[in-house]
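A.B. asks: Chains as they are written, first to last, in the numbering used here: chain A, 165 to 451; chain B, 2 to 317.
Just so you know, even glycine gets a beta-carbon here, dropped at the ideal spot from N, CA and C.
(1) Classify residue 443 of chain A as helix, strand or coil using the three-state DSSP reduction.
(2) Pick out whichever of B:182, B:241 and B:212 has its Cα sitting closest to the Cα of residue 264 of chain B.
(3) Just how far apart, CA to CA, sit residue 102 of chain B and residue 195 of chain B?
(4) What residues are listed by DSSP as bridge partners for residue 82 of chain B?
(5) Does DSSP put residue 317 of chain B in a helix, a strand or coil?
(6) With DSSP as the reference, label residue 71 of chain B as helix, strand or coil.
(7) Excluding sequence positions up to five away, which residues of its chain have a Cβ less than 7 angstroms from the Cβ of residue 297 of chain A?
(8) Quickly, what does DSSP pair residue 226 of chain A with across the bridge? List them, please.
(9) When DSSP labels each residue in this structure, what does residue 143 of chain A get in the three-state scheme?
(10) Please decide whether residue 163 of chain B counts as near chain A, where near means a Cβ-Cβ distance under 9 angstroms.
(11) Excluding five sequence neighbours on each side, which residues of the same chain lie with their C-beta closer than 6 angstroms to the C-beta of residue 317 of chain B?
(12) Return yes when the Cβ of residue 21 of chain B is within less than 9 angstroms of the Cβ of residue 291 of chain A, no when it is not.
(13) Against chain B, which members of the stretch 222-236 of chain A pass a CB distance test of less than 7 angstroms?
(14) How long is the line joining the alpha carbons of residue 129 of chain B and residue 446 of chain A, rounded to whole angstroms?
(15) Going by DSSP, what residue range makes up the alpha helix (DSSP H) through residue 318 of chain B?
(16) Measure the CB-CB distance between residue 218 of chain B and residue 19 of chain B and report whether it falls below 9 angstroms.
(17) Checking contacts by CB at 9 angstroms: is residue 413 of chain A closer than that to chain B?
(18) Give, in chain order, every residue of the stretch 388-411 of chain A whose Cβ lies closer than 9 angstroms to some Cβ of chain B.
(19) Under the assumption that residue 262 of chain B contacts residue 193 of chain B (Cβ atoms under 8 angstroms), give the Cβ distance between them as a whole number of angstroms.
(20) What would DSSP say about residue 236 of chain A, mapped onto helix, strand or coil?
(21) Can you give me the C-alpha to C-alpha distance between residue 204 of chain B and residue 308 of chain B, rounded to a whole angstrom?
(22) For the alpha helix (DSSP H) that residue 265 of chain B lies in, which residues bound it at each end?
(23) Does the stretch 59-69 of chain B come within contact of the stretch 25-39 of chain B, defined as at least 3 CB pairs closer than 8 angstroms?
(24) Interface residues of chain B around residue 292 of chain A at Cβ under 7 angstroms?
(25) In this structure, how does DSSP classify residue 400 of chain A when only helix, strand and coil are distinguished?
(26) Using the Cα positions of residue 299 of chain B and residue 414 of chain A, report the straight-line distance between them to the nearest angstrom.
(27) Suppose the cutoff is 6 angstroms on Cβ atoms and the five residues either side in sequence are ignored; what does the same chain contact list for residue 92 of chain B look like?
(28) Tell whether a beta-carbon distance below 9 angstroms holds between residue 355 of chain A and residue 346 of chain A.
(29) Taking residue 234 of chain A as the reference, which of A:405, A:211 and A:308 has the closest Cα?
(30) Flag this pair as yes or no: are the beta carbons of residue 315 of chain A and residue 237 of chain A separated by less than 9 angstroms?
(31) Taking 9 angstroms as the CB-CB limit, is residue 287 of chain A close to chain B?
(32) Which residue marks the beginning of the alpha helix (DSSP H) containing residue 368 of chain A, and which one marks its end?
(33) Run through chain A and tell me which residues come within less than 7 angstroms of residue 33 of chain B, C-beta to C-beta.
(34) Using 8 angstroms as the cut-off, can you tell me whether the stretch 428-445 of chain A makes contact with the stretch 140-151 of chain B, which would need three or more C-beta pairs spanning the two stretches below that distance?
(35) Taking the beta carbon of residue 225 of chain B as the centre, do at least 16 other beta carbons fall within 10 Å, making it buried, or is it exposed?
(36) Mapping the DSSP letters down to three states, classify residue 77 of chain B as helix, strand or coil.
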């Protein structure tokens, strides 16, 4: 714990992520209640228009101004945080689960399960991530499934690296003396895996998944930026950035800088936390 | 002889990867909510019409048969017709768009390799000193800041504040006018350059700790000559592999650059096709970009043993 507190970047990362989580949780609710015109019940500040066009920031009713459709930028930013965190967490949970499962099977299953599984992992690994994601999102783009194709696409591209990591980690653990001793004492393979091997492997996998989550958040905003991720009128940091056309850059600085800044800081924070935990796990590596 | 064996193995692996990509694009086409028959039949077609047209087009045959046919056509460069607009042949669309992407991506990878190897060498030589800190900060920023955040930032500075560079792509730009390329190529190169920098720095640090370098210092080889001729030549080989893999990031980036600077490359062709449910174009674009990625990496792997006797030995 002391080592955590001594690393200012890690500390910043943890604090920022906590704040971001609160912002995502409370932001849309608070903003929507605040902006709702008197008398209307089902008004959504995130997608419904308030004004007609861009408005400059005004404290306190619109601290970051409004976008080209007169929608409150702060409320959309908070909703975008929900999207990013949701996609990031769901994709990583799936990727870690699937990756570790494939990794364990790839290490312990019989030859006829193991070899095809490992070769398939290699093939997936050789396929450029974003291309596969674009293909999957593109296939279901017309079906109107919302955020689901994005999650599926990023999940499918994310698991192979965890499968590889698990295989190499298991290989480094499985011949250690305490594992061999447990096996000699008659432990079955499932018992060995769940009680002796996975506890050794999982902390590293989880730390790596923090770093990988930065990549997932980035990929989601990239897909939304190029127009095939989160579809308007729903906001994502990516499509908020691309909504401010280049001709408007000089006139609408806050509307552009806000999503850019929060996205970059989120990616920084996730990297810092992941790297920090990795360093804490491996005292030899972490200088 | 062993080298030929290794190379043919690598070629085989490349061909398998290509086959895998083609299978994935085929499956995506088969799973898409729209198929060629729905488009051909038009909106007013009845279910019976659809079945008839599907049969005429051979779409009701089992999928292995259709996959082999798809593969055969793709090998001849025939990707069918676009569903949208003038229903152009897909290979014509690819032929129009690919050279533009190849130009931008090619220039970017050259820039990224040059800058990355230069900065990485600097960082490695001055390890933990001021130049190294600057290099590390710069490369961390380069890896983490998304290129679509970098794009408006640089456009704001160079196109609007300094009023030096154009923002949008023009098809009728005069020959030799490369100003349109400066911003997209620079931004595209940022991330690969940062990754190559990190790798070169690490490789340089590792090499400089080896004994032949201490031997060089002892026998009085000039420092610059030692760093460049002795250390860099040894350190640069792992970097060559990284240039191949970072080409993948370049492809991603080119989708973003096409959007940011309205470049009519493969990226914008893919996005246009996706938004208009134009599956044959999506399939062909992904297949062609994937093939480029595999080709570049294969090339690197094949050239590497010729550059480095150590790899040549290890493959025996």
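C.D. replies: Reading off the structure:
(1) In the structure shown, residue 443 of chain A sits in a helix (DSSP, three-state: H, G or I).
(2) Residue 264 of chain B has its Cα closest to that of B:182, out of B:182, B:241 and B:212.
(3) Looking at the backbone, the Cα of residue 102 of chain B and that of residue 195 of chain B are separated by about 21 angstroms.
(4) In DSSP, residue 82 of chain B forms a bridge with B:90.
(5) Only weak support is given to the placement of residue 317 of chain B: the predicted model assigns it a pLDDT of 48, under 50, and the question is left unresolved by the model.
(6) Helix at residue 71 of chain B.
(7) If we look at residue 297 of chain A and ignore the five residues flanking it on each side, its Cβ neighbours are 317, 318, 321, 383 and 387.
(8) The partner list for residue 226 of chain A (beta bridge, DSSP) reads A:222.
(9) The structure shown does not extend to residue 143 of chain A, since chain A spans only 165 to 451, so no value can be given for it.
(10) With respect to chain A, the C-beta atom of residue 163 of chain B has no partner C-beta closer than 9 angstroms.
(11) In this prediction, residue 317 of chain B scores a pLDDT of 48, lower than 50, which makes its location untrustworthy; the coordinate-derived value is nonetheless stated afterwards. Excluding sequence positions up to five before and after residue 317 of chain B, its CB lies within less than 6 angstroms of the CB of 3, all in the same chain and listed in chain order.
(12) One thing to note: residue 291 of chain A has its Cβ within 9 angstroms of the Cβ of residue 21 of chain B.
(13) The residues in question: there are none.
(14) Residue 129 of chain B and residue 446 of chain A: Cα-Cα distance of roughly 21 angstroms.
(15) The first residue shown for chain B is 2 and the last is 317, placing residue 318 of chain B beyond what the model contains.
(16) No, the pair does not count as a contact, with Cβ atoms beyond the cut-off.
(17) So, interface residue.
(18) Look at the stretch 388-411 of chain A: the residues with a C-beta under 9 angstroms from a C-beta of chain B are 389, 390, 391, 392, 402, 405, 406, 408, 410 and 411.
(19) About 18 angstroms separates the two Cβ atoms, so there is no contact after all.
(20) The answer is strand: DSSP assigns residue 236 of chain A an E or B state.
(21) C-alpha separation (whole angstroms): 16 angstroms.
(22) The continuous stretches of alpha helix (DSSP H) do not include residue 265 of chain B, and DSSP gives it neither H nor E.
(23) With the cut-off at 8 angstroms, the stretch 59-69 of chain B and the stretch 25-39 of chain B touch.
(24) Under the 7 angstroms cutoff, chain B gives 249, 252, 291 and 294.
(25) It is coil, neither helix nor strand.
(26) Those two C-alpha atoms are separated by around 44 angstroms.
(27) Within the same chain, residue 92 of chain B has close Cβ partners 78 and 80.
(28) For residue 355 of chain A and residue 346 of chain A, yes; Cβs fall inside 9 angstroms.
(29) Nearest C-alpha to residue 234 of chain A among A:405, A:211 and A:308: A:211.
(30) With a cutoff of 9 angstroms on beta-carbon distance, residue 315 of chain A and residue 237 of chain A are scored as not near each other.
(31) It does; some Cβ of chain B falls within 9 angstroms.
(32) It spans 362-389 - the alpha helix (DSSP H) in which residue 368 of chain A sits, taken as one unbroken run.
(33) Going along chain A in sequence order, the residues near residue 33 of chain B (Cβ under 7 angstroms) are 303.
(34) With the rule of 3 Cβ pairs closer than 8 angstroms, the stretch 428-445 of chain A counts as touching the stretch 140-151 of chain B.
(35) Residue 225 of chain B comes out exposed.
(36) In the displayed model, residue 77 of chain B falls within coil according to three-state DSSP, outside both helix and strand.
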